[in-house]
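Chains as they are written, first to last, in the working numbering: chain A, 24 to 364; chain B, 2 to 316; chain C, -12 to 281. Cβ coordinates follow ideal geometry from the N, Cα and C atoms, glycine included. All values reported here derive from a predicted model rather than from experimental measurement.
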Amino acid sequence: MMSQRSDFDSELLRIEHLTVSFATSGGRRLVAIDDIELTLSRGSILGLVGESGCGKSVTARSILQLVKPPGRIGAASRIWLDGRDLTRLSPDELRRVRGPIAGMIFQEPSTAINPMYTVGNQISETIRAHERVSGRVARTRALELMSLVRIPAPNRRYDDFPHQMSGGMRQRVMIAIAIACHPKLLIADEPTTALDVTIQAQILELLTNLRSQLGMAILIITHDLGIVAGMADRVAIMYAGRIVEQGRTEEVLQDPKHPYTQGLLKSVPVLGMDRGARLPSIPGTVPNLIDLPPGCRFAPRCASAFEKCRIEEPRLIQLSDRGAACWLCELPTRPGTAVLG
Amino acid sequence: MWEFVGRRLLAAVPVLVGASVVLFALLYVLPGDPAAFALGDNASPAAIAAFRHQLGLDLPWYVQYFDWLGRMVTGQFGKSFFNEFPVVTLMDERLPVTLELTLGALVVGTLIGVPVGVYSGLNPSTMLGRAIDLLNAVFIAVPVFWLGILLQLGVALRLGWLPPGGYVPVGIDFGANIRSMVLPWLTLGVGTAAVLARFLQAGVRDAVTSEYVLAAEARGLTRIRIVGKHVMRNAVVPAITAFGIQVGRLIGGAVLTESVFTLPGLGTLLWTALVQRDYFVIQAVTLFAVAAFILVNLLTDIAYGVVDARIREGY
Amino acid sequence: MSKAALAMLDAAATNAKGRGSFERLRAPALALPGLFLALLVLISVITPLVLPDAPFQQHLSEALAGPSSAHPLGTDELGRDLLSRLILGTRISFEVGFGSTAVALAIGGLLGLWSGYSENPVGAVIMRLSDVLLAFPSILLAMLVVTVMRTDLPGVIVAVALVNIPVFVRLNRALMLSQRRLEYVEAAKALGGSTSYVILRAVLPNVLAPLAVQSALAIANAVLLEAGLSFLGLGVQPPTPSLGLELQEAAAYLRQDAWFGIFPGLLLILIVLALNKLADEGARWYGRTDLKVE
Chain A
24 MMSQRSDFDS ELLRIEHLTV SFATSGGRRL VAIDDIELTL SRGSILGLVG ESGCGKSVTA
84 RSILQLVKPP GRIGAASRIW LDGRDLTRLS PDELRRVRGP IAGMIFQEPS TAINPMYTVG
144 NQISETIRAH ERVSGRVART RALELMSLVR IPAPNRRYDD FPHQMSGGMR QRVMIAIAIA
204 CHPKLLIADE PTTALDVTIQ AQILELLTNL RSQLGMAILI ITHDLGIVAG MADRVAIMYA
264 GRIVEQGRTE EVLQDPKHPY TQGLLKSVPV LGMDRGARLP SIPGTVPNLI DLPPGCRFAP
324 RCASAFEKCR IEEPRLIQLS DRGAACWLCE LPTRPGTAVL G
Chain B
2 MWEFVGRRLL AAVPVLVGAS VVLFALLYVL PGDPAAFALG DNASPAAIAA FRHQLGLDLP
62 WYVQYFDWLG RMVTGQFGKS FFNEFPVVTL MDERLPVTLE LTLGALVVGT LIGVPVGVYS
122 GLNPSTMLGR AIDLLNAVFI AVPVFWLGIL LQLGVALRLG WLPPGGYVPV GIDFGANIRS
182 MVLPWLTLGV GTAAVLARFL QAGVRDAVTS EYVLAAEARG LTRIRIVGKH VMRNAVVPAI
242 TAFGIQVGRL IGGAVLTESV FTLPGLGTLL WTALVQRDYF VIQAVTLFAV AAFILVNLLT
302 DIAYGVVDAR IREGY
Chain C
-12 MSKAALAMLD AAATNAKGRG SFERLRAPAL ALPGLFLALL VLISVITPLV LPDAPFQQHL
48 SEALAGPSSA HPLGTDELGR DLLSRLILGT RISFEVGFGS TAVALAIGGL LGLWSGYSEN
108 PVGAVIMRLS DVLLAFPSIL LAMLVVTVMR TDLPGVIVAV ALVNIPVFVR LNRALMLSQR
168 RLEYVEAAKA LGGSTSYVIL RAVLPNVLAP LAVQSALAIA NAVLLEAGLS FLGLGVQPPT
228 PSLGLELQEA AAYLRQDAWF GIFPGLLLIL IVLALNKLAD EGARWYGRTD LKVE
């Protein structure tokens, strides 16, 4: 399924030089995401992983140009979706992209669906916002969608209000709304964080099935490595506003090149561990984005950091299909193997 | 839906009864002897005692209460001590004036407050938005009677555009009626507008920054639809609350406004009655006002339930 | 008040997270209204002590005069100095405002906290009574009570207090209900604390913030109510000046002298504005303490 180089035909989403900054009350701008690049092929699932505050949610929102003041997308940013640069579209053109080309689901289903209207109403309105169909047709399509996302008894549920449904059911409604116009990309921002573990598994399975059934690509944002391990084809790890490692999921998880990824993996408890053993954690804390240290952002917490790490910030260093932003990847330097990306 | 309405109605009844008890209690301890007031200074103690017996004032208080309640409910409001007119007649005369005043003020307040509130909610950082914030704060603080006097002074007396007071019934001269009501409507309405605008603004702001609006944007709904449908429905909820709070202010404000502009309404009737200790008038008008207040609050509660499905179920 | 409005106010109160850190208080936002009020209180208390007769001395030959060196704001229809009357009137407003709110806070607060804490049928009765009192429009209730008592300062204070008590009862009950489930209350009870101990020593300090905010609003309400009552002649009686009374007297002389009426009203607006701003700032402070968790 994966080709070595990004084929323009199979490439659905390409993010280039994405920078998002926020104005702070102190006057200085806080750069939440600093010049990141991401690509996503049609029909594939990419997991964007990072801890709270690393900027992954902001990344998700900036794809569909949903960043609001005091946030601002940098002038050099380019977001290519299905061949069009979203940063250069007019508001009206953008509106026509949201829904039919890409849909988005959010973390908290109880706040992301309007409590005042029935769930069916909100699914139908999405359809009618983009296609000239009658209310009847929209309702039929909405019912089909509800079945697609495995909501039992859609006929009855159509007229339910969000508060009359369980969390898992609401999340399914949100998915139904997001895929109502059969988008090519689904952006899922922490879709299961607010749900019970058993429901989580169901929702993730649903998403994977939808990918197979509809050929839809999914960008899933999460802090949970377990989720990406289970469903993502490729994974990108974010730290302090930058992508520090990316590649095929099995490769990254089995052989992480970046010390941060290594640390994350080590801190996941494993069945059969020694009971008394301490769970390893990464020492230190995430840096303050306003006051960044020179050089690599992870260097202060990195056990393998050396001279160069504290002087110069590493860019993503490509090794065949993978990339890691770490000077360690240059060692030992053999001419011709490392290509600076 | 109807179950909800029924529950609300049922809940209002004990409040009404309780209010009648409180009212009766207050009137009961009112200093001064109604009989003595009624008969005047020269009446003999015997005549006063006889009149008291006639009014039933020598019966135990609980008997008096039910007696009184019975009379109130059947509309036997008695007669005014000072001009011998039946209280019902007096109220009948004055009710239209007060109704015209309060309803007109409500309309003015809504016409001004709603657009202002929605605009400042959608555009909080603009110059106009900030100015509106300030004006709101000021007008909420402005005493109704002061504003009335100011308008009287400026518009009526200095500029002579509108009459400074008095009332012309609609039937006699429609134009004069409107002219005599404009200033009172503005006086009462501006405060209402400010409160409504404030709550609507908060509601709109809350809705605009909510996740469901972001989600609505993310699925490509038009701006008009987002604001008109998603934002407004949610913003209306606190506005209804504001409305409920405002009605009390309106009733109180009506008394003051009628006083400033010398309008012959229920407010001035009550006021004179209180000063003169005109017992029967006091109790009838107050009970009426309280009942009206409870009724309006009931309607607001029901409106709440109509708009927000969660309220229908929860309560 | 409608049930829904009350419920919403309850919910807003119980969203209080208790004490907030002092850094989050915006000093400039609090300073201006706070200093203004403090200054006003100071002036209004000290001046009548220093010049007790000024508001009452009549100089009939100088009636309705404009501003002059002797009378910076002019004189009223009986030749009395307006500035000193205004200052005394302000003191009356504050007396009613602070006095009635203190009473309402003490009585309503204790009743509300107690009824929220113990599952007593008396508590339910208190709540019903509060609801009933809230069914009266404030001015109406105040007018009635003042007529029943006497129309002078203590009467007005009692009337206004009565109007505000139910509000505090509801607020405190809501606060107690939300705090009751928290662990520190369990701890206090486990330590063998009596009811009064838990209410006064454990819970009360944690709900001071919303109480302070509501008090500021109650004072503003009281000041306006007193002015309204005096305007109708049902408040303090002449010759004692009250801001509302001043306005009433001014109303009669509108055509001759405009000056008269502007100042009492302006003062009222400024006082109420200042109190509202303080309340706003306080609400913003305690309502947002959860923003610290990023």
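Anticipated Cβ contact below 8 Å, residue i with residue j, distance rounded
i: residue 221(B); j: residue 153(A); result: 6 Å
i: residue 184(A); j: residue 114(A); result: That pair is no contact at about 31 Å.
i: residue 261(A); j: residue 90(A); result: With a Cβ gap of about 16 Å, residue 261(A) and residue 90(A) do not count as contacting.
i: residue 211(A); j: residue 146(A); result: Residue 211(A) to residue 146(A), Cβ: 17 Å. No contact.
i: residue 270(B); j: residue 24(B); result: About 16 Å; that fails the 8 Å criterion.
i: residue 223(C); j: residue 112(C); result: Not confirmed; about 34 Å, so no contact.
Alpha carbon of residue i to alpha carbon of residue j, nearest angstrom
i: residue 303(A); j: residue 291(A); result: 8 Å
i: residue 159(A); j: residue 282(A); result: 56 Å
i: residue 3(B); j: residue 186(A); result: 20 Å
i: residue 63(A); j: residue 242(A); result: 8 Å
i: residue 101(A); j: residue 204(C); result: 52 Å
i: residue 77(B); j: residue 67(B); result: 13 Å
i: residue 101(C); j: residue 163(C); result: 8 Å
i: residue 177(C); j: residue 110(C); result: 23 Å
i: residue 17(B); j: residue 9(B); result: 13 Å
i: residue 47(B); j: residue 217(C); result: 38 Å
i: residue 86(A); j: residue 339(A); result: 21 Å
i: residue 99(A); j: residue 117(A); result: 18 Å
i: residue 29(B); j: residue 22(B); result: 10 Å
Buried or exposed by the 16-neighbour rule on C-beta atoms within 10 Å, applied to residue i
i: residue 193(A); result: buried
i: residue 216(B); result: buried
i: residue 139(C); result: exposed
i: residue 26(C); result: exposed
i: residue 244(A); result: buried
i: residue 182(C); result: exposed
i: residue 178(A); result: exposed
i: residue 298(B); result: buried
i: residue 302(B); result: buried
i: residue 348(A); result: buried
i: residue 9(C); result: For residue 9(C), the pLDDT reaches just 46, beneath the cut-off of 50, and the residue's location in the model is therefore unreliable, although a value from the coordinates is still provided. Exposed.
i: residue 197(A); result: buried
i: residue 263(B); result: exposed
i: residue 235(C); result: buried
i: residue 220(A); result: exposed
i: residue 233(C); result: buried
i: residue 345(A); result: buried
Neighbouring residues, chain C, relative to residue i (Cβ below 8 Å)
i: residue 113(B); result: Going along chain C, no residue has its Cβ under 8 Å from residue 113(B), so there is no contact; the nearest lies around 19 Å.
i: residue 79(B); result: Residues of chain C passing the Cβ test: none, with the nearest at roughly 18 Å.
Closer than 7 Å at the beta carbon, the chain C residues around residue i
i: residue 272(B); result: 219
i: residue 260(B); result: 219
i: residue 287(B); result: 127, 131
i: residue 267(B); result: The contacting residues do not exist; residue 267(B) stays about 11 Å from chain C at best.
i: residue 138(B); result: 260, 263
Contacts of residue i in chain C (Cβ-Cβ under 9 Å)
i: residue 146(B); result: 214, 215, 218, 219, 231, 234, 235, 238, 252
Interface partners of residue i on chain B, CB under 7 Å
i: residue 124(C); result: 249, 252, 253, 290, 294
i: residue 130(C); result: 275
i: residue 119(C); result: 16, 19, 20, 23
Residues that residue i contacts on chain A, provided the C-beta gap is smaller than 8 Å
i: residue 122(B); result: Those do not exist, as residue 122(B) stays about 15 Å from chain A at its closest Cβ, beyond 8 Å.
Contacts of residue i in chain A (Cβ-Cβ under 7 Å)
i: residue 215(B); result: 89
Contacts that residue i makes with chain B (C-beta to C-beta distance below 8 Å)
i: residue 149(A); result: 220, 221, 222
Partner residues on chain A for residue i, Cβ-Cβ distance less than 9 Å
i: residue 177(B); result: Under the 9 Å cutoff, chain A gives no residues; its nearest Cβ is about 45 Å from residue 177(B).
One or two residues paired with residue i in a DSSP bridge
i: residue 273(A); result: Per DSSP, none; premise fails for residue 273(A).
i: residue 266(A); result: 261(A)
i: residue 87(B); result: 80(B)
i: residue 243(A); result: 70(A), 211(A)
i: residue 43(A); result: 56(A), 96(A)
i: residue 186(B); result: None; residue 186(B) has no bridge partner.
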